[in-house]
Amino acid sequence: MPKAVFRIAQNIGCSWKCKQLILCALCVLCGSFRLKTMPTSSDPAETKIRANFASLAKKWLEESCELFPEQASKLGFHQYDSLLSRNTPEIYRKHIALLERTLTAVEALPEAAFHGDDWLDRRGLLARLRTDLFSERDLLRWRTNPQTHSNSAIDAIFELVVRNSGKLRQVLPAIESRLKKIPAYLRAGLECIEAPDPLWTSLGVQSCAGAVEFLHGLEQELCSLSSKPKAFVSTLKAAAKAFEEYAAGIANKKSGPKGGFSIGRERFEFLIREQLGLDLSLPETRALGEYQIQRHEFLLERAARRHGRKSAREIIDRAAAGWTPELPLFDVYRQATSDIKARLGKLGLVTVPKGDTLKVLPVPPFLKHQFPTAAYSAPEPFSRDQTGIFWVNDLSLDQENPDKKLAEIRQHHGLELTTVHEAYPGHHLQFVVQFQHASRLRRLFAHSIFYEGWTMWCEKLAVEHGLVDIPGAELIQLHDALWRAHRIVIDCGLHDGALSHAAAAKRLQSGVGFTAARAEADVNWYTSSPTVPMSYLLGRLEVEKLYRHFVVEAGWPLKKFNDWMLSHGAIPYSWIRRV
């Protein structure tokens, strides 16, 4: 059976199923699967148990790759570049059965036989299996979220094009092979859909329109490389038509109840435990969020008093209103990324890995309604080419009215802190370090409380240590933290039914000052990613607990502390404390 791996692409806008599948494989490389182990007991019984665990993980990953081959090439396993899953209900049922078998077997292995890194690997795999089962078997997202299938289909083409932009001729046969398979893939996906959530149907239709636009945009360049351009055009048009037919098909499906994305308190608390590693109830989490809103409003106003009598909102709004970049927005982001990376190396806050590359690119049309101002896609974890992508969502391009266009551009005011979050020392640096971890299984884990908590910590450090030196940087950083505090309350409200989508968007407009378009785009992805929105500020709070212990009390240098945290990979901080 071919070996391959899956990994999460940190795309906050994709559907849960897409995220699960990408997360499904990181651990089979060059025909072998090995776990790093800490020096542990030589007890032969423990050794046998750990070997059994490695065998179970290997088998699960191999079978997952066979069920969903389109995800494997994202990891640099290019024998899968031309393949797509059959995407039928039978495939999902087989995957659910595989998850159930593997979970039962891993839970039967005594926890006491695992220590240090081995314990972290076992706990991480248990969380992965449980949350995958939760999404596919319990929530049935492959049935209720139409974006699951349309996003996966276009992403299969998009990844090949973006990752191979300098060698498209070489991957053209694989692109063409996948394009030919897309009509059958989407027909099977349409067969899966039952009682879809109305919001997700609307978003699915929009993403299909973006997919069609993306495919048409490829025609000229790819046809110039094809030895049979007319046949290639026909294949491309058939794929585009398949997206149009899928959009029409999901629009005609009988919808489920409005607000069906809400998962309820019990399920939400399950995710708090398994994804965030926290022992909090939903009401406790909401209360913490409300407290953090009050705290950050106070910190903002206190910081504002150092600038005069105006409120923090007035100062920030005035600064944004006076910000009109001379260069196109993408060029401004590229320059900021280059400058901040250079300063980071001089400040010595964290070790900067060598050999990485970061591209700054516009969000593709099929995802622009799912992203906030910016997002990030990690490199292929087993590739020597550690190239990440920093996505910029410039909604001003959709505006014809000059005033509205400028208002959307100014939503990016303070983009230097966004760059810290997404690029250096945030997501990009963190994932590049993670993908060097000796445990191949550890490279699989992508718990948002770690990687989003790390980026929030980076934003705070950037202001305190002068990595970002722009007027009002402290106010912008505190304002962004306030935004993440509102996310905690909104996340809870969306999933226990206390807040509708519209009410959540209005809260961001009134509480944070977002435009309607930005607020709606932000809430759109909250609905399909429960507990991820809240993980940003909750994660930073966890980092601060560790900081007080190791730096303030034990006297560690800050660089040593930051490098030590990153060395564990993206797992909950509570697990790190435990071992």
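Heads up: the sequence shown begins at 416 in the working numbering, then just goes up one per residue. Every residue, glycine too, gets a C-beta built ideally from N, C-alpha and C.
Check                                                                                                         : Outcome
Every unbroken alpha helix (DSSP H) within the segment 908-969, with a cutoff of 4 residues, ordered by chain : 916-927, 931-943 and 947-962
Inter-residue Cα distance where the pair is S944 and P459                                                     : 42 Å
Assigned exposure category for V904 - 16 Cβ within 10 Å defines buried                                        : buried
Inter-stretch contact at 8 Å, needing at least 3 Cβ pairs: the segment 605-620 / the segment 665-675          : yes
Backbone CA spacing between T519 and L555 [nearest angstrom]                                                  : 20 Å
Alpha helix (DSSP H) runs wholly inside the segment 502-573, at least 4 long, in chain order                  : 504-522, 531-548 and 556-559
Three or more C-beta pairs below 8 Å linking the segment 723-730 and the segment 798-807                      : no
Helix, strand or coil at G803 [DSSP, three-state]                                                             : strand
Per-residue DSSP class, three states only, for V586                                                           : helix
For L773: DSSP bridge partner residues                                                                        : G803
C-beta atoms of L953 and L715 nearer than 8 Å                                                                 : no
Assigned exposure category for Q635 - 16 Cβ within 10 Å defines buried                                        : exposed
Simplified DSSP assignment, three categories, for Y988                                                        : helix
Buried or exposed (CB count within 10 angstroms, at least 16 for buried), L601                                : buried
Alpha-carbon spacing of L909 relative to L637, whole angstroms                                                : 43 Å
Rounded Cβ spacing between A877 and L773 (contact assumed at less than 8 Å)                                   : No, A877 and L773 are not in contact; Cβ-Cβ is about 17 Å, not under 8 Å.
Paired residues, beta bridge with A610 - DSSP                                                                 : In DSSP, A610 forms no bridge with anything.
Outcome for N816 when other beta-carbon atoms lying within 10 angstroms are tallied against a minimum of 16   : exposed
Backbone CA spacing between Q851 and G970 [nearest angstrom]                                                  : 27 Å
Inter-residue spacing [alpha-carbon to alpha-carbon] between T870 and A985                                    : 12 Å
Same chain, Cβ closer than 7 Å to Q814, five either side skipped, listed in chain order                       : K820 and E823
Range of the contiguous beta strand (DSSP E) that encloses Y791                                               : A789 to S792
Exposure of L441, with buried meaning 16 or more beta-carbon neighbours within 10 Å                           : At L441 the pLDDT is 32, less than 50, meaning the model places this residue with poor confidence and gives no usable figure here.
Nearest-angstrom Cα separation, counted from R593 out to S497                                                 : 6 Å
DSSP-derived helix/strand/coil call for A751                                                                  : helix
Counted within 10 angstroms of its Cβ, other Cβ atoms place F713 as buried (16 or more) or exposed            : exposed
Collapsed DSSP secondary structure at A861 in the structure displayed                                         : strand
C-alpha distance - P886 paired with T700, whole-angstrom precision                                            : 34 Å
Per-residue DSSP class, three states only, for P672                                                           : coil
Touch test, the segment 620-635 against the segment 651-664, Cβ-Cβ under 8 Å, three pairs minimum             : yes
Among A702, R933 and R733, the one whose alpha carbon lies nearest that of S811                               : R933
Coil, strand or helix - T700 by DSSP                                                                          : helix
Limits of the alpha helix (DSSP H) - the one that L476 falls within                                           : P459 to L482
At least 3 beta-carbon pairs within less than 8 Å: the segment 569-583 vs the segment 513-532                 : no
Buried/exposed call for P484, threshold 16 Cβ in 10 Å                                                         : buried
Inter-residue CB distance, S696 and E684 (contact presumed, cutoff 8 Å)                                       : 6 Å
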